[in-house]
Each structure stands twice: as structure tokens, then as C-alpha cells.
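Worksheet: the structure to be examined is printed underneath.
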Amino acid sequence: MSDLPLLSLLIWIPILGGAGLLALRSLDCCNPRPLALAVAMVTFLLSLLLWTGFDTTTAAMQFQEQASWIRAFNVYYHLGVDGISMPLVILTTFTTVLVVLAGWEVIKDKPAQYMAAFLIMEGLMIGVFSALDAVLFYVFWEGMLIPMFLIIGIWGGPRRVYATIKFFLYTFLGSVFMLVALIYMYTQSGSFDILDFHALKLGMTEQVLIFLAFLLAFAVKVPMWPVHTWLPDAHVEAPTGGSVILAAIMLKIGGYGFLRFSLPITPDASSELDWLIILMSLVAVIYIGFVALVQGDMKKLIAYSSIAHMGFVTLGIFIVFRIMDNNAGGLQGAAMGLQGSVVQMVSHGFISGALFLCVGVLYDRMHSRQIADYGGVVNTMPVFGALMVFFAMGNSGLPGTSGFVGEFMVVLASFHADFWFAFLAATTLILGAAYSLWMVKRVVFGDVANEQVAKLSDINGREAMILGTLALAVLVLGLWPGPLVEVMRASIDNLLAHVAVSKL
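The C-terminal residue of the sequence shown carries number 955 in my numbering, and the numbering is unbroken.
As C-alpha cells, this is what we get:
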């Protein structure tokens with residue numbers, strides 16, 4: 452098992468599987484759906500070996516692979532995961548299986564290309580979470596934009612061209628500044644190894660410039676206010692599977708970037724400019740929460756909800772400097788903030804993915820996402836209604852669901868930094884409940900609104916399995932977050948120790 456190139460298999464099996472589907476698309480004898488599901492299932496089952504074989508007592512990178520790639524520039528094919536990236540890899544493989552199943556009957560136009568795009572994107576996203584060489588990271592980072600660009604552009608809604616161009620330009624332009632920062636650090640260290648970047652001793656001016664370059668790349672990806680405007684358009688125009696992957700995985704890559712690059716490489720600049728990130732995060736939590744309240748399109752409402760909930764991720768990451776500066780709660784309080792951020796990333800992957808799938812179920816039947824077109828859905832779709840209400844409760848932060856755990860940990864950590872930070876962040880408990888439950892009230896409850904709703908049929912076995920699996924995941928993480936927290940503990944403690952030493 453120790454000799455198995457597990458990370459390479461997780462990256463290349465879906466990429467090669469997707470390429471195989473494209474090669475077989477012209478053969479009528481091959482149904483692409485079972486083949487895509489088989490590839491996604493094999494990748495998911497292999498990813499579970501990361502969990503079972505993971506050593507929670509060490510902060511060192513595990514399952515490492517290294518081979519020379521571009522010798523002239525000291526670039527390596529270097530992979531490895533720690534307690535922060537490993538759960539995100541498993542979240543990626545888990546979500547991809549559900550996305551393949553979700554598109555089973557719905558996608559009738561070019562199904563082979565559709566499934567291939569998601570498989571290839573899965574491999575590229577796993578590469579982002581696994582790469583320990585900056586050039587390799589950047590290749591995967593930019594590469595994953597292409598399948599999503601095609602998914603929205605080919606299978607998207609009527610304004611898909613506008614949405615794809617906006618999505619691509621926002622994310623690509625931010626990444627250019629990151630590339631400049633990576634090249635500069637190569638000139639200082641002679642290596643593109645990310646762990647070597649962590650050991651660099653940079654002056655404050657260098658750190659601030661590099662931090663801002665990273666911020667432009669990662670803030671767009673999260674996305675943070677005010678560079679969030681591409682996300683609602685992308686979600687509304689994307690097919691259901693595209694929205695699920697966008698919300699459940701791609702947004703997390705921005706939060707992961709802050710943890711892997713910004714904090715360990717530019718700790719002094721991160722501490723100096725933490726007020727900026729905290730401000731942007733709190734604006735996202737409060738202002739975007741109010742924006743979500745007035746949406747008439749269910750997809751737009753959930754998209755804005757995602758921006759608000761991802762504000763907790765960035766708040767939990769950058770609140771740690773205030774906690775350490777105040778010496779209130781010490782490293783334990785700071786660790787709770789970072790742990791809450793990672794738990795929130797995983798939880799949001801489950802809940803936002805489930806809500807977009809719920810909207811997809813309704814859209815497949817009525818071809819409308821407008822809240823005003825629904826009402827009384829529970830009368831004709833009782834099982835679906837129960838599941839949608841459960842996910843809305845999770846989105847509101849109901850205790851016992853995963854949505855509560857991450858947000859509670861971040862709010863609790865914020866108390867160690869400043870009461871008002873915690874107070875403002877906690878307003879999401881009101882706003883989240885307001886927009887989530889108001890949507891459910893208008894869509895699910897009440898009398899049957901019209902003839903179209905009266906003719907709706909409840910979810911079939913395939914849809915019940917997808918939503919039921921996500922409901923179980925939300926419940927298990929909500930009631931028993933201990934294993935996830937334990938997996939990341941050593942890595943987060945090591946990151947905080949590195950940041951504390953650098954600040955000294």
C-alpha cells in the first residue's frame with residue numbers, strides 16, 4: 452500500500468477516464484453513463500484509502516510522490532496531502548459521483564462530453580489540493596477552468612456565453628498576479644517547491660506585495676465581496692451538475708489557497724492586513740445575506756447564500772492573528788478558528804450541493820427556478836419536501852447539522868478576538884434562517900399554487916439516493932465532527948506554530 456502512487460491514481464484515473472469517454476463518444480455500442488459512474492466510483496473508493504492510511508499524529512505531508520519534470524527550472528511533479536487538503540480531496544471524489552448520477556437522465560445532449568468534462572475537472576481539482584510544486588499547482592489551477600467553462604458554455608442557460616466569459620475573465624485575471632508572485636519567490640529560493648516557499652524569510656514590503664497578489668487570486672475564487680459578482684451569473688446559467696461542483700468544490704480552492712500560501716508564506720503581511728479580510732468577510736456575511744433575501748430565483752438565492760457562508764471560512768482563517776495578538780484564548784482559540792474554517796468548507800460542500808440538486812429536481816419537472824412559480828410542493832412531493840426542508844435547516848445553521856458546527860466554531864473563536872466580530876458574524880443565524888426558511892415557506896409549504904405543481908411527481912429512487920446520501924453526510928458531520936477535527940489537528944497546530952514563530 453505504501454508503494455501505491457495513490458495521489459497520481461486519483462488525479463489521472465478520472466482524467467484518462469474522461470479522455471476515454473471522448474474517444475468512445477462516436478461508438479453507439481457504448482453508453483457513457485455507466486462508464487463515467489464506474490470511473491467516479493473507483494476514484495472515490497481509492498480516495499478512502501487516504502483516510503484509512505492517514506497518520507493523524509504528524510503534520511508532515513503524506514502519500515508524497517516526486518519526480519523531476521522541468522529540470523532547467525527545478526520544477527518537480529511533487530504531490531502530497533496533509534490534514535487540511537486530504538478531506539477536500541475526498542469531498543471532491545464524493546461529490547463527483549453524485550454529479551454523475553444527477554445527470555444520468557437529465558443530460559440528453561452530448562452525454563459523453565458532459566460526463567467527460569466532469570471527470571477531467573475532478574482530476575484537475577484533486578491536483579490542486581495535492582500539488583506541492585508551485586508550477587504544478589498553477590497548471591492544475593488554470594486547467595480546471597477549461598472544463599467548467601465548457602460545462603456552462605455548452606449545457607448552460609440562455610445567457611451562458613456572458614456567464615462563461617465573466618467567470619473566465621474574473622478567475623483568470625486574478626491568477627496572473629499569483630503567477631508573478633510564484634515566479635518572484637522562485638528567484639529568491641531557487642525552487643518552486645511550496646514547502647521551500649514556507650521557509651523563505653521575506654521583508655515586509657515583499658510580503659505585502661505577495662499577499663496582495665495571492666488575495667487577488669484567492670478572493671475571486673472564494674469569492675469574497677466585492678469580487679463576487681461572477682458567481683450568481685455562473686450559477687444561474689450553469690446546469691445543475693456545474694452549480695454543484697462550483698459551490699461544493701471550486702469555491703473551497705480559494706479558502707485552501709489562503710491556508711496553503713498566504714498564512715505560511717506571508718505571515719507578517721497577513722497579520723498586518725487581517726483587518727481587510729475580516730472586513731470583507733463580515734460584509735459578505737451581513738450584506739450578501741440581505742441580498743439573498745430579495746432574490747426571486749432559487750439558484751441566485753443559494754448562490755448568494757454560498758458567498759455569505761464562505762465569509763465564515765475567510766473570517767476563521769484571519770481571525771487567528773487578532774486572537775494571538777490579544778493573547779486571548781492563545782493558540783487553542785486560534786486553532787478553533789482554523790478548524791472551524793475547514794469544517795465549514797466541508798459542510799458547505801454538502802449543504803450547498805444538496806440545495807442546488809433540490810433546485811435541479813424542481814427545474815427538471817417544471818423548467819422554472821422562480822420562487823413565485825411554486826407553492827405547496829410538499830402536497831405532491833412529500834419525500835422531496837422533507838429533504839429540502841432538512842437542507843434548508845442545515846443552511847440556517849440548525850444544531851445537529853453540519854451547518855452549525857463550522858459556524859459555531861468560528862463565532863466562538865471570534866469571541867477571543869473581539870466581541871463585535873463575533874456579534875456581527877452571529878447575525879448569519881438570523882439572516883441564514885430568514886432567506887433559507889422563507890424560500891422553503893414559499894416553495895414547499897402552503898396550498899398547491901397552480902396546475903403545474905399539482906401534476907408534480909415525487910423524487911424517484913435515483914434522486915432519493917443522491918439527496919439521502921447528502922442528508923446522511925450533513926447529519927453525521929453535524930453530530931460527530933470529531934474525526935474530521937482530529938485529522939486536521941496536527942496540520943493546523945503546525946501551521947499556527949509556524950505563523951507564531953514567524954511573527955516573533
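From the three backbone atoms N, C-alpha and C, an ideal C-beta is built for every residue, glycine too.
Across the structure, Trp871 and Val742 are spaced so that their CA atoms are roughly 22 Å apart.
Pairing Ser722 with Arg711, the inter-Cα distance amounts to about 16 Å. Setting aside the 5 residues that flank it on each side, Thr878 is surrounded in the same chain by Ile737, each with a C-beta closer than 6 Å to its C-beta; the list follows chain order. Ile521 is bridged by DSSP to Val526.
In the three-state scheme derived from DSSP, where H, G and I count as helix and E and B as strand, Gly608 is classed as coil. In this structure the region 531-540 does not touch the region 558-572; the number of beta carbon pairs closer than 8 Å is below three.
Each residue's CA atom was taken as its position, placing Pro674 and Phe600 some 17 Å apart. Fully contained in the region 645-673 is no beta strand (DSSP E) run of length 3 or more. For Ala689, the three-state secondary structure derived from DSSP is coil. If you look at Ser722, you'll find it in the alpha helix (DSSP H) that goes Pro718 to Glu723. Counting along the chain, Lys703 sits inside the alpha helix (DSSP H) bounded by residues Leu702 to Gly708. One alpha carbon belongs to Gly594, the other to Leu575, and they sit about 7 Å apart. In the displayed model, Val532 falls within a strand according to three-state DSSP.
The region 521-538 and the region 887-899 do not touch, with fewer than three beta-carbon pairs separated by less than 8 Å.
A distance below 9 Å separates the beta carbons of Gly826 and Gly897. A buried status is given to Glu688, since no fewer than 16 other beta-carbon atoms sit within 10 Å of its beta-carbon. Excluding residues up to 5 positions away in sequence, Leu682, Pro683 and His686 lie with their Cβ nearer than 6 Å to the Cβ of Ala754 in the same chain. The C-beta distance from Leu530 to Leu496 rounds to 19 Å, too long to fall under 8 Å, and the pair is not in contact. For Glu914, the enclosing alpha helix (DSSP H) begins and ends at Gly912 to Leu930. Look at Gln821 here: in three-state DSSP terms it is strand. Under the three-state reduction of DSSP, Glu902 is assigned to helix. The C-beta distance from Thr691 to Gly811 rounds to 3 Å, short enough to meet the 8 Å contact threshold. For Phe495, the enclosing alpha helix (DSSP H) stretches over residues Pro483 to Thr503.
At the C-beta level, Ala951 and Met775 come within 9 Å of one another. Rounded to the nearest whole angstrom, the C-alpha separation of Ile577 and Ile597 is 15 Å. In this structure, Gly883 lies near Ala759, with their beta-carbon atoms less than 9 Å apart. If the five residues before and after Ala670 are omitted, its C-beta is found closer than 6 Å to the C-beta atoms of Val678, all from its own chain and listed in chain order.
The continuous alpha helix (DSSP H) containing Lys751 extends over residues Met749 to Phe769. Ile661 and Ala632 have their C-alpha atoms roughly 5 Å apart. For Gln564, the uninterrupted alpha helix (DSSP H) run begins and ends at Pro562 to Ser581, by DSSP. Boundaries of the alpha helix (DSSP H) around Met860: Ser853 to Ala868. Judged by their CB atoms, Val532 and Phe514 are nearer to each other than the 9 Å cut-off.
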